[in-house]
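A.B. asks: Using numbering that gives the first Met the number 0, you'd call the opening residue of the sequence shown number 0 and step up by one each time. The beta carbon of each residue, even a glycine, is placed where N, CA and C say it ideally should be.
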Amino acid sequence: MSHDWYSDFVNSGVGKAIAGNVGLPPVPILRRWEPGQPLLSGAALLGTATTNGRVAKIVRAVLADAGVEVHEDPAAPIGGGSSTSKVAAAIVDATGLSSPSDLAAIQGFLTPCMKRVGASGRILVIGDVPAEADRPAVRAARRALEGLVRSAAKEARYGATVNLVHVADGAENDLESTLRFFLSSRSAFVDGQRLDVGVVPGTASDFSGGSSAGTDWDRPIAGKVAVVTGAARGIGRTVAKTLARDGATVVCVDIPSAGDALARTANEVGGTALQLDITADGAGEAIVSHCRRHGGIDIVVHNAGITRDKLLANQDTDRWNSVIDVNLNAQLAINDVLLASPDDTGFHRGGRIVTVSSMAGIAGNRGQTSYASSKAGVIGLVDATAPLLADKDATINAVAPGFIETDMTAAMPVGTREAGRRLSSLTQGGLPVDVAETIAWFAQGASYAVNGQVLRVDGQNFLGA
Ligand SMILES: NC(=O)c1ccc[n+]([C@@H]2O[C@H](COP(=O)([O-])OP(=O)(O)OC[C@H]3O[C@@H](n4cnc5c(N)ncnc54)[C@H](O)[C@@H]3O)[C@@H](O)[C@H]2O)c1
Numbered sequence: 000m001s002h003d004w005y006s007d008f009v010n011s012g013v014g015k016a017i018a019g020n021v022g023l024p025p026v027p028i029l030r031r032w033e034p035g036q037p038l039l040s041g042a043a044l045l046g047t048a049t050t051n052g053r054v055a056k057i058v059r060a061v062l063a064d065a066g067v068e069v070h071e072d073p074a075a076p077i078g079g080g081s082s083t084s085k086v087a088a089a090i091v092d093a094t095g096l097s098s099p100s101d102l103a104a105i106q107g108f109l110t111p112c113m114k115r116v117g118a119s120g121r122i123l124v125i126g127d128v129p130a131e132a133d134r135p136a137v138r139a140a141r142r143a144l145e146g147l148v149r150s151a152a153k154e155a156r157y158g159a160t161v162n163l164v165h166v167a168d169g170a171e172n173d174l175e176s177t178l179r180f181f182l183s184s185r186s187a188f189v190d191g192q193r194l195d196v197g198v199v200p201g202t203a204s205d206f207s208g209g210s211s212a213g214t215d216w217d218r219p220i221a222g223k224v225a226v227v228t229g230a231a232r233g234i235g236r237t238v239a240k241t242l243a244r245d246g247a248t249v250v251c252v253d254i255p256s257a258g259d260a261l262a263r264t265a266n267e268v269g270g271t272a273l274q275l276d277i278t279a280d281g282a283g284e285a286i287v288s289h290c291r292r293h294g295g296i297d298i299v300v301h302n303a304g305i306t307r308d309k310l311l312a313n314q315d316t317d318r319w320n321s322v323i324d325v326n327l328n329a330q331l332a333i334n335d336v337l338l339a340s341p342d343d344t345g346f347h348r349g350g351r352i353v354t355v356s357s358m359a360g361i362a363g364n365r366g367q368t369s370y371a372s373s374k375a376g377v378i379g380l381v382d383a384t385a386p387l388l389a390d391k392d393a394t395i396n397a398v399a400p401g402f403i404e405t406d407m408t409a410a411m412p413v414g415t416r417e418a419g420r421r422l423s424s425l426t427q428g429g430l431p432v433d434v435a436e437t438i439a440w441f442a443q444g445a446s447y448a449v450n451g452q453v454l455r456v457d458g459q460n461f462l463g464a
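#1: What are the boundary residues of the beta strand (DSSP E) that Ser-119 is part of?
#2: Excluding sequence positions up to five away, which residues of its chain have a Cβ less than 6 Å from the Cβ of Pro-255?
#3: Determine the contact status of Ile-296 and Val-325, defining contact as a CB-CB distance below 8 Å.
#4: Is Trp-216 near ligand 3 - that is, is its Cβ less than 7 Å away from at least one heavy atom of it?
#5: Beta carbon of Val-466, beta carbon of Val-398: below 8 Å?
#6: Report yes if the C-beta of Val-252 is less than 7 Å from at least one heavy atom of ligand 1; otherwise report no.
#7: Could you name the residues of the same chain whose beta carbon sits closer than 7 Å to that of Ser-424, not counting the 5 residues immediately before and after it, in chain order?
#8: Tell me, to the nearest whole angstrom, how far the beta carbon of Ile-395 is from that of Gly-429; I am working on the premise that it is less than 8 Å.
#9: The alpha helix (DSSP H) with Pro-469 in it runs from where to where?
#10: Just tell me which of Pro-219, Asp-308, Val-67, Arg-348 has its CA closest to the CA of Gln-443.
#11: Assuming the contact rule is C-beta atoms closer than 8 Å, Tyr-370 and Gly-208 should be a hit. Round their C-beta distance to whole Å, please.
#12: Flag Gly-229 as yes when its Cβ comes closer than 7 Å to any non-hydrogen atom of ligand 1, and as no otherwise.
#13: Grouping DSSP H, G and I as helix and E and B as strand, with all else coil, what is Leu-273?
#14: Drop a sphere of 10 angstroms on the beta-carbon of Gly-229, count the other beta-carbons inside from all chains shown, and report buried for 16 or more, exposed for fewer.
#15: If you draw a straight line from the alpha carbon of Leu-331 to that of Val-322, how long is it in whole angstroms?
#16: Nearest CA to the CA of Ala-88: which residue from Lys-114, His-301, Phe-188, Ala-257?
#17: Looking only at C-alpha atoms, which of Ala-74, Ala-75, Gly-52, Gln-36 sits nearest to Ala-65?
#18: Assign His-2 to one of three DSSP states: helix, strand, or coil.
#19: Classify Asp-253 as buried or exposed, calling it buried when 16 or more other Cβ atoms lie within 10 Å of its own Cβ.
#20: Of all the options Leu-454, Gly-270, Asp-308, which has the alpha carbon lying nearest to the alpha carbon of Thr-354?
#21: Compute the Euclidean distance between the alpha carbons of Leu-380 and Ile-57, then round it to the nearest angstrom.
#22: If you follow the alpha helix (DSSP H) that Pro-431 is part of, which residue opens it and which one closes it?
#23: Say the cut is 7 Å; is the CB of Arg-142 nearer than that to a heavy atom of ligand 1?
#24: Can you tell me which of the three DSSP states Asp-190 falls into?
#25: On a CA-only basis, which of Ala-143, Ile-286, Gly-235 is nearest Ala-303? Give me that one, please.
#26: Classify Glu-33 as buried or exposed, calling it buried when 16 or more other Cβ atoms lie within 10 Å of its own Cβ.
#27: Check the DSSP bridge columns for Thr-177 and list the partner residues they point to.
#28: Kindly indicate the opening and closing residues of the beta strand (DSSP E) around Asp-253.
#29: By the DSSP assignment, the alpha helix (DSSP H) with Leu-338 in it spans what residues?
#30: Ligand 1 and Gly-458: does the residue's C-beta get closer than 7 Å to at least one heavy atom of that ligand?
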């Protein structure tokens, strides 16, 4: 991992003064999650756009349960402080919009909030799903929230983030894990993004996809069995550690030549190691068979990935195929085996699949036609698999990391690396733990209403591998 000397400099006493004088961009130190940390480190402001809002009541209940003090007037003094004293979060219930004129109430609430939300604070806008509206004025108003949020995220300072959650009609009671993720420091590097919380088909009495009732938010996946591919190093190793921290037994998978490093990760997390090339014939069966000793599989994280970068003009088919095989075909084959496996000894009902895409798969990247194809393909895989898994009360989602501080990005030329860091709205690269926290949240039983989503973890930057 390459050190961010610029961040050290602008955060030092003398560097801060120089940076302030010559207008160099500051680099906020982001608050990150640790077990025992409160959901928010201060009070929250809660606003409503209309009288038809569906979610303010639920947000209030979640905040009360987390011991957060809630205020409604963004311009009023709080707890003996002044009308400018800082708050930890501002949340707007923006459901129920009937025309673009309703947006003014959101602007009126958020304008003072932009100055009041403190360091690593959270601004969260919760709106209706645009596609659920037929009337042009309603859909326009709903869609407008995305432009508002993406722009406000670029204006927020001191490590504060601004995100948008769309809640489907009827899904308002299924928001808790999503609210907790976006408000907590687990989402430190998720900025300017949109996520949809959907209605879960068949949440009948036999639904086994999870519940937020009784969740231990410090160990939300306690007792679960998680498989992480590519766990010997990099992001995969951090994912294994994060899932173990959250309570799971972790099966660490990597190629035989990474066996020593793999054993180290498995020992660190108190899990087991499975040496396996995921492209080998029978890889899915080998995973299911290994996991029988743990009683089956609850969570699979498809993290293993490779790059074989070449300009398309110089590309050869062997290199092309190796990237598509590891990053895409192996996942498809393993998922087929998981879906066909028995509920009791294989992939359990209510299971979670999380896969790692990349910004390259969304934005494209010079020299990365093969990698970007594979990572865009991962998004197609998620789209098509989500409805298949709904029958099993299971979910599949993808995380799309941007510039993350790893050995891979340390090998970039210094100019590209600096651009990767500074062009983010948070003026820095993300850490492997930022990707891992997002994966761990998708993996929670309480995230049963989050299915088929792709969430960028990139500080709102479009550069990355
Ligand atoms: N580092 C970044 O900035 C970044 C950005 C976007 C996406 N990603 C994605 O995140 C994931 C992890 O990236 P990383 O930076 O930690 O990479 P890494 O190269 O450090 O680790 C990848 C791991 O996957 C393993 N692996 C490769 N081929 C395998 C196979 N056939 N079978 C089993 N294991 C195999 C490797 O041995 C290695 O341990 C990848 O999917 C990558 O594409 C990374």
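C.D. replies: In short, the structure shows the following:
#1: 116-127
#2: Gln-274
#3: no
#4: As far as ligands go, the structure on display features ligand 1 and does not contain ligand 3.
#5: There is no way to answer for residue 466, as the model of the chain reaches only from 0 to 464.
#6: yes
#7: Ala-152, Lys-153, Asp-190, Gly-191, Gly-458, Gln-459
#8: The Cβ separation is near 22 Å, so there is no contact.
#9: This structure does not reach residue 469, given that the chain is present from 0 up to 464, and the question cannot be answered.
#10: Pro-219
#11: Not confirmed; about 33 Å, so no contact.
#12: yes
#13: strand
#14: buried
#15: 14 Å
#16: Lys-114
#17: Gln-36
#18: coil
#19: buried
#20: Leu-454
#21: 33 Å
#22: 431-441
#23: no
#24: coil
#25: Gly-235
#26: exposed
#27: DSSP, once it has assigned bridges, lists no residue as partnering Thr-177.
#28: 248-253
#29: 329-339
#30: no
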